[in-house]
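Chains as they are written, first to last, in this note's numbering: chain V, 22 to 403; chain Z, 22 to 403; chain L, 22 to 403; chain S, 22 to 403. Where is the CB? At the ideal position from N, CA and C, for every residue including glycine. Here is the structure we will look at, set down as structure tokens.
4 protein chains.
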Amino acid sequence: MPRPIHVALIGQKFMGRAHSNAWHQVGHFFDGPRPVHLHTVAARDQGELIPFAKRWGWDHCSDDWRSLASIDEVELVDVGTPNHLHAEQALTMLAAGKHVACEKPLAGTLADARQMRDAARKAKSSKTFVWFNYRRCPAVALAHQLVRAGKIGSVLHIRAQYLQDWGGPSTPMSWRFKKSLAGSGAHGDLNAHIVDMARFITGDEVHEVHGAVARTFVKERTLEGKRGKSRSDVDDCVLFVASFKGGATASFEATRLACGNQNRNTIEINGTKGSVRFDFEDMNVLHFIGPSDDPRTNGWQRIMCTSAGNHPYADAWWPDAHVIGYEHCFTNMAADIVKVLSRRKPLVPLPDFEDAYQTQRVLEAALVSARERTAIRLSEVK
Amino acid sequence: MPRPIHVALIGQKFMGRAHSNAWHQVGHFFDGPRPVHLHTVAARDQGELIPFAKRWGWDHCSDDWRSLASIDEVELVDVGTPNHLHAEQALTMLAAGKHVACEKPLAGTLADARQMRDAARKAKSSKTFVWFNYRRCPAVALAHQLVRAGKIGSVLHIRAQYLQDWGGPSTPMSWRFKKSLAGSGAHGDLNAHIVDMARFITGDEVHEVHGAVARTFVKERTLEGKRGKSRSDVDDCVLFVASFKGGATASFEATRLACGNQNRNTIEINGTKGSVRFDFEDMNVLHFIGPSDDPRTNGWQRIMCTSAGNHPYADAWWPDAHVIGYEHCFTNMAADIVKVLSRRKPLVPLPDFEDAYQTQRVLEAALVSARERTAIRLSEVK
Amino acid sequence: MPRPIHVALIGQKFMGRAHSNAWHQVGHFFDGPRPVHLHTVAARDQGELIPFAKRWGWDHCSDDWRSLASIDEVELVDVGTPNHLHAEQALTMLAAGKHVACEKPLAGTLADARQMRDAARKAKSSKTFVWFNYRRCPAVALAHQLVRAGKIGSVLHIRAQYLQDWGGPSTPMSWRFKKSLAGSGAHGDLNAHIVDMARFITGDEVHEVHGAVARTFVKERTLEGKRGKSRSDVDDCVLFVASFKGGATASFEATRLACGNQNRNTIEINGTKGSVRFDFEDMNVLHFIGPSDDPRTNGWQRIMCTSAGNHPYADAWWPDAHVIGYEHCFTNMAADIVKVLSRRKPLVPLPDFEDAYQTQRVLEAALVSARERTAIRLSEVK
Amino acid sequence: MPRPIHVALIGQKFMGRAHSNAWHQVGHFFDGPRPVHLHTVAARDQGELIPFAKRWGWDHCSDDWRSLASIDEVELVDVGTPNHLHAEQALTMLAAGKHVACEKPLAGTLADARQMRDAARKAKSSKTFVWFNYRRCPAVALAHQLVRAGKIGSVLHIRAQYLQDWGGPSTPMSWRFKKSLAGSGAHGDLNAHIVDMARFITGDEVHEVHGAVARTFVKERTLEGKRGKSRSDVDDCVLFVASFKGGATASFEATRLACGNQNRNTIEINGTKGSVRFDFEDMNVLHFIGPSDDPRTNGWQRIMCTSAGNHPYADAWWPDAHVIGYEHCFTNMAADIVKVLSRRKPLVPLPDFEDAYQTQRVLEAALVSARERTAIRLSEVK
């Protein structure tokens, strides 16, 4: 009987819930090399925390996240808090010899991200992970496999958009609209995902940001349960054009104000021989076109990525076209983390702090470009 | 602290897994009136059963399903076995005063189904349920709400197809291809679902089957792990035209040989004022068209059925367009069963044995019509 | 300089317009073996006819369709009138030695259709054509080529629907709602098309109609420009299940009351190796799935049927994905008629009276089956 | 009987054909205030020109385009030549008092475009038109009407892409790949269209280009019918981010190397209350979402823009969902030109040289931004 991985979690909101579910379900659906044990969850609000821990089967709970560092049994600390807390929490846990899985974006600021990257480099016995969960959407993982195998030839164009519509003026203030807590708005929340996806699928890195625009359309928001308004100082949208080292052109757009697009995380990549296209709102499907033996029937292929044996992660779940949903990406990632902590290889590459730091540099370059009204090479962003 | 519902399950294959997951997840995602406890799982193959029970957190396991009848604590027995076993198992459990949740179709034969219906009528203190899980796909539940609220007017046409493609000649023999075990092939497996969906969404009953055709294209199948072949004596497809009491015309088609359609469970309903359309392969979406204030913009509306407060079951899960998958329908159903066993109303009607018996009569009428080459009124099928 | 084909047309309504356009455009877009000359158009309403003739460039017009028989120059008479007139007009023109192109359905009644078939057999020097225009939608012609070439293997299922929604109670009376003029309602108008398409694509014939239902939901209609109402005695919808000689099962549905479906002429054909799917509302596209070298990328292929050299009729029109529309099917057919009248082969088979008579027998079988509540073999319908 | 408009055309290639068809069909499908007469077509290659003129019914043909200036009867000269010829031809015809309809882009260079704009301003009795044909795709015209009527509120985001895939290395050299003849590559050919569409639909003007990238991936091309290669000195793709005066952010991308996208001219516009989305590959459809009375059914509406009385240009063509194609946009535009030349208003605004010059300035700003690696305000581009 292999030794269980004792996990501790910080945070009990949206991501706390998604991660708890992943740690729970991984043992139900995957034949992993080691079982997972939900050891302790930490969060500030004890009133909410106790029922949360009970509901999700965490053995213990704590209102002091620092206390996790001293629980010997805990092997992995999972950081699911707002962005401005990532650095301090991750650094503390790395210093205590824990493995750390951190929510994305790596941090709210490039300085924080750099510190985390440096700490991860030093902590040689610790593994780090960043929850870019969409890499483990089977359709995205398949896109990675196909593109890296040369099925679309050399990459010429990347076209990525992450469009949501919940950020209108009637949405009240929250930490997500405060720069001091979130670092940025749609940019760090959504562009982080699609920059990571573009890097993951192509295996290439951004060379230059050619131009960018950021906008805050809703400048003030109501306070929940209180009178008055509060200033939103993050972007509602950021879009930018870039090019990759291999020569491909790219565009990225993140917004919370695209009416009718609730979670439209899309990417299309065109190569010299073919293309792939993904839209999270139909997340079980990858569209692909490649060279064809018969030009009469050549066309975009709608691949239902649910075929055990053929598609990543599909054998863990249900029969063909018995589709999976959002949270399954987290469970798939938990399964790969378990593998790595058992000295096995993940099914597709897992982002660590080093990797996520590269994404953070791209985000920073876009902000600088927008502010300074100029193109900027990534080599200028440290 | 409300008294937990102790559940026992018979079966540990595909449906055993789906049901185990549902009983597990219901407490994570729903604030139900009573907690659920996974008491005992019973199945024949002990070698498989023990790891299954451990993986899914069943407290006990048994190789004798009859033993469940005498476990006082167990309130609900969940029957997830092949169709020919449903009747005996359900009758035994009803006789023992248990509530019974049975996989669909209700039974392999109409005679079995009738017996079950009769037993359920007699067992007044027992509740019965049939796992027509697609009723609790949010898009289907919403279709039910819209149609029953008159949003499409009077129903004129129902057009339902359940197309799969796994049943080709290379698929080996299994209980699903044996009439003595399954009762029928695609008909009981797939038409059962869409006949139930049509009845559920419209609230109307089939009046007449006008004609039907059943075919067995693959007459022999290889034996898994053995030499030789075995005869398949169930249908590969059944299609029929019908009309409903309210006057609507209907067509139903089930097949396991529709290349490229892996789990295409679709229904379209046209009424005097509008229409609804559903396709399980894009299960989070309902297409709807109704009367419009502005004829310039009238068109099919693609409703992403994930909006908490607006769409059935959506508040249990994730933010908008963070889509759910196949197994969530089972969890939604488990939540409604918990409600009913707590004397509350389900969010949308739950099928019981009485209700499922009506679906079984329609299936029987189609088989008779195909065999006798004649139209048949439902009133002739007892 | 080849001798021009002098065409005469009877009818100046919807089909008169579509046919006039086709005869006009064929010379613009096709390099045909013979030019086409628009000689004479005949219709009853002279007030409308003269401007119609002028607009469309017909050299002459006549209020007496019989007069066309005696114009020596006229080689082809094109019959674009209501269904009850087809037989008399076609017979007269065949007797006069003309080639005849007749609107579909061949006739309003099977008796008329048989007479036309017989007359065509006798008139050995005359060619006959029936305007089943959808055969020459490039996507449908491509489906024919692929299926006949064995790309989907043996045909197992045919699933065809022609759904429109213009026939609600607010639509006033017209000849289309009168049995004496139209023969039938949606059945002859729409099922005729999809039965022809199924026969065309598969090359197979209906063996048996297993059951059918016909309904007239709107029994009375207002008179345009007058008080009072008039009885509609045609079907609003007819649906039926059938099987083909080769063993395939089939369903056909035609309705004018399917809210939201304005011209949804769809067919899907599943074979042992693959499938094709067509929907006229996206008429430039054929969906195809076949055997794949790489199971990871296998999926429905969206073929944009506009590639010159690869897709039927595409080289006559515009560059790739510069899509064509409804009337182009007629022009494509005119081009093939010109070929046949020049002793060349059409690109894909053209339906003649003999061929269209087979479609008419299927329609008749469905009506008999609906009326007599029984299955009926095609061999019983003469 | 109103006086006919005598039209002369310069050019007999792709656009010569599309324009000839439009002038032909306008009288068939529209009840215009004046008839159109195809007077003279001029082009260099007489061997091709004579059969072209005959095929399309041009009364005369000429190998000297300048001669058109002196034909008194000719009222409108239609310029359908490569971009570097537009200025001289248009100026000559304006000087001769002709109305001028010019293919897009207005010119190959901003200097040429400015000259044309200035000449048009001076020639007060002449009307000018630019063939931005997609404005008259009914779905695009409807988008214009809806957005200008406030149906989506204030515009926040514009997202436009024109993706083609014919420009790979196997495509031989042509004028389209020569800067001296075409001015630019995908930029002037495709971005011109989508910049015009964005301006047309929103009624707003670009304020700033924030950044741009242009690429020539295929630097040499084979010569048709000859040995050797020739340098391509135009862009294969240009993408840029911009903002509009009203505050909206925008992105534009044009490429000829997007495998699988043959003519994917798409635009999505998000406003404070709703959105519109268009894709030319499904050109009869506009997707729209606006405020809803019932949040349960709110979703993108698929509008089939073929409803006479409700949708622009629909009453000229066929019944609902009897869809139209590419060339119909030109015919719709011809109908509006005829109206303007009859002192009537076009159905939606027609672009003249002044208007097209604004589009040309945006294209220029993007090129400058790409070259100088900086943001640029439109006010800096004269």
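Tell me the rounded alpha-carbon separation between residue i and residue j.
i, j, result
"L211 (chain V)", "E229 (chain V)", "20 Å"
"S191 (chain L)", "E241 (chain L)", "10 Å"
"D139 (chain V)", "T149 (chain V)", "12 Å"
"I26 (chain S)", "V369 (chain S)", "21 Å"
"V62 (chain L)", "W339 (chain S)", "21 Å"
"A122 (chain S)", "A39 (chain L)", "29 Å"
"R298 (chain L)", "Q322 (chain V)", "14 Å"
"F261 (chain L)", "V255 (chain L)", "16 Å"
"P312 (chain V)", "I290 (chain V)", "15 Å"
"K250 (chain L)", "A207 (chain L)", "21 Å"
Which word fits residue i, buried or exposed, when buried means at least 16 other C-beta atoms lie within 10 angstroms of its C-beta?
i, result
"P19 (chain S)", "Not covered by the structure: residue 19 (chain S). The range shown for chain S is 22 to 403."
"M325 (chain Z)", "buried"
"G68 (chain L)", "exposed"
"D93 (chain S)", "exposed"
"K125 (chain V)", "buried"
"E245 (chain V)", "exposed"
"G267 (chain V)", "exposed"
"S264 (chain Z)", "buried"
"R180 (chain Z)", "buried"
"A132 (chain S)", "exposed"
"M22 (chain S)", "exposed"
"S88 (chain Z)", "exposed"
"W79 (chain Z)", "buried"
Specify the secondary structure class of residue i as computed by DSSP and reduced to three states.
i, result
"R156 (chain S)", "helix"
"L163 (chain Z)", "helix"
"T270 (chain L)", "strand"
"F238 (chain S)", "coil"
"Q136 (chain S)", "helix"
"T223 (chain Z)", "helix"
"H228 (chain L)", "strand"
"D341 (chain S)", "coil"
By the DSSP assignment, the alpha helix (DSSP H) with residue i in it spans what residues?
i, result
"L184 (chain S)", "Element bounds for L184 (chain S): not the alpha helix (DSSP H) but the beta strand (DSSP E), 176 to 184."
"V47 (chain L)", "35 to 50"
Does the distance from the CB of residue i to the CB of residue j come in under 9 Å?
i, j, result
"D257 (chain Z)", "T243 (chain Z)", "no"
"M218 (chain S)", "F153 (chain S)", "yes"
"K34 (chain L)", "G101 (chain L)", "yes"
"G53 (chain Z)", "K360 (chain Z)", "yes"
"P56 (chain L)", "H332 (chain L)", "no"
"D225 (chain V)", "V176 (chain V)", "yes"
"A387 (chain V)", "F273 (chain V)", "yes"
"K294 (chain S)", "G204 (chain S)", "no"
"Y334 (chain S)", "A162 (chain S)", "yes"
Is any non-hydrogen atom of the ligand PLP found closer than 8 Å to the C-beta of residue i, if you look at the structure I gave you?
i, result
"V227 (chain L)", "In the structure shown, the ligand PLP is absent, as is every other ligand, since no ligand is present at all."
Starting from residue i, follow the beta strand (DSSP E) in both directions and report where the run begins and ends.
i, result
"V100 (chain S)", "97 to 100"
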